[in-house]
Amino acid sequence: MDRAAFLQTFEEYHQPLFRFAYRLTGSVADAEDVVQECFLELLRPGCAYDPERTAARTYLFGVVRNQSLKLLAKRDIGGEHDAEADEKSSPEHELLTAECGDVVARAVLRLPETQREVLLLAHYEQMALAEIAGIVGIEITAVKSRLQRARSALKGMLAAYAPELEGRK
Amino acid sequence: MTDTELDELLDRWVVPVAPLSLRANVRAGLITPRPRRRRLAIWALAGVAAALLIAVQAFPQMLTTARIPYLVESEFFAYAEDGSASVQLRTTSYDRDGREVFLSKSFPAESLRTMAARVLDFGNTAFLRPIQELTLLLVASPEQIQKVKELARLADCRVETARAAGGLSEIGPLC
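Residue numbers (my numbering), protein chains in the order written: chain A, 1 to 169; chain B, 170 to 344.
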């Protein structure tokens with residue numbers, strides 16, 4: 001990839017990729033590292049990206065997804081993820097301590113990774129099921145079912161906030 | 170909770186914009202060569218240097234710009250009290266304006282000393298001598314150069330005399 005094309009790709013995709021990595025990892029520093037590594041991967045000789053076979057967006061989101069999952073796996077081994085705190089906190093408790101946006105973030109981060117990544121791509125990045133299937137490497141039907149499970153889990157976790165939403169209307 | 174309500178709730182999760190350092194780091198990566206490429210260049214340079222060293226050891230005359238009409242291979246013997254002789258030093262040299270220029274030296278009984286001498290010979294032939302010659306050409310007049318050559322020739326004569334006094338004698342040329 002030449003310099004001009006690389007810079008154009010960076011300008012076009014770095015913000016959505018950062019958003020996606022941030023929502024997957026829950027950390028600005030980790031998301032920055034992942035996105036940076038993803039773009040530097042493009043510059044490496046022998047990079048697997050083939051513009052004739054894969055769209056740049058699909059390839060880049062795929063790389064960010066893989067890097068983020070690797071990071072999360074490392075974090076789990078290192079014990080950085082506070083699972084106990086997650087279990088103790090309930091939506092009612094969080095309502096008292098955090099803003100609505102933070103509660104939604106925590107609820108999404110509590111989803112299993114397989115459901116979370118599908119939800120993030122579908123809802124926040126407005127991707128079609130076929131494109132998500134290409135990034136995650138599964139069948140469209142599997143994407144659909146994971147998305148449904150994620151949404152129904154979130155409905156359960158965030159049920160306490162529906163009245164608040166009604167109140168604002 | 171309806172799907173629309175869930176979507177509204179999800180939209181409340183706002184993420185920060187990408188830090189400016191991300192752009193700076195990626196641009197830096199665009200300019201700085203990747204470590205793998207740099208490592209490759211270092212290995213390539215080391216390979217070329219090693220090949221050059223081997224080639225110079227095999228054909229010591231290849232690095233000098235001077236036209237060498239013939240090479241002199243000499244052996245220096247040391248004689249023990251019982252009259253037995255052993256080779257102490259082998260050299261390859263040529264004559265330049267009446268001055269003997271050594272291309273290589275080896276000490277048959279001392280392999281470490283031979284290796285050290287070859288490395289020094291290589292450094293001398295490949296770097297030091299061309300720099301000396303170039304410097305001399307740039308800073309000195311032809312008369313001064315002639316004077317330096319004369320002094321060098323005299324110095325060589327003194328070295329040969331000292332060698333003879335120390336018990337080493339030269340038998341050669343061999344070719």
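All residues carry an ideal CB built from backbone N, CA and C; glycine is no exception. None of these values were measured; they are calculated from a predicted model.
Nearest in C-alpha terms to A:Q126, of all of B:D180, B:Y248, B:V241 and B:A321, is B:D180. The beta-carbon distance between A:Y124 and A:R19, rounded to whole angstroms, is 7 Å. This is short enough to meet the 8 Å contact definition. Three or more pairs of CB atoms, one per stretch, sit closer than 8 Å, so the segment 28 to 37 of chain A contacts the segment 179 to 193 of chain B. Any Cβ of chain B closer than 8 Å to the Cβ of A:C100 would place that residue at the interface, and such an atom is present.
For B:Y239, the secondary structure class from DSSP, reduced to helix, strand or coil, is coil. Secondary structure of A:D102 (DSSP, three-state): helix. Secondary structure at B:T173: helix, using DSSP grouped into helix, strand and coil. Where A:Y13 is concerned, the enclosing alpha helix (DSSP H) starts and stops at R3 to T25. Counting other Cβ atoms within 10 Å of its Cβ, A:V143 reaches 16 or more and is therefore classed as buried. B:K274 is bridged by DSSP to B:T260. Pairwise C-beta distances place the segment 2 to 16 of chain A in contact with the segment 47 to 66 of chain A, as three or more of them are shorter than 8 Å. Proximity of the segment 101 to 108 of chain A to the segment 127 to 134 of chain A falls short of the contact definition, fewer than three beta-carbon pairs being nearer than 8 Å. Here B:R322 is not near B:R236, since their CB atoms are 8 Å or more apart. The C-beta of A:E32 comes closer than 8 Å to at least one C-beta of chain B.
Here B:A254 carries a strand assignment [DSSP, helix/strand/coil]. Secondary structure at A:Y49: coil, using DSSP grouped into helix, strand and coil. Listed along chain B, no residue sits closer than 8 Å to A:Y13 by beta-carbon distance, the nearest being about 11 Å off. One finds L191, N194, V195 and G198 in chain B with Cβ atoms closer than 8 Å to the Cβ of A:Q36, taken in chain order. Look at B:M170: its C-beta is under 8 Å from a C-beta on chain A. Residue contact with chain A for B:A215: absent (no Cβ-Cβ distance below 8 Å to any residue of chain A). For A:F18, the neighbours in chain B by C-beta distance under 9 Å run, in chain order, V184, P185, V186, A187, P188 and L191. Between B:R181 and chain A, the shortest Cβ-Cβ separation is below 8 Å.
In the three-state scheme derived from DSSP, where H, G and I count as helix and E and B as strand, A:E139 is classed as coil.
Going by C-alpha positions, B:P238 is about 32 Å away from B:L214. For B:R265, the secondary structure class from DSSP, reduced to helix, strand or coil, is strand. A Cβ-Cβ contact shorter than 8 Å links B:K274 with B:D290.
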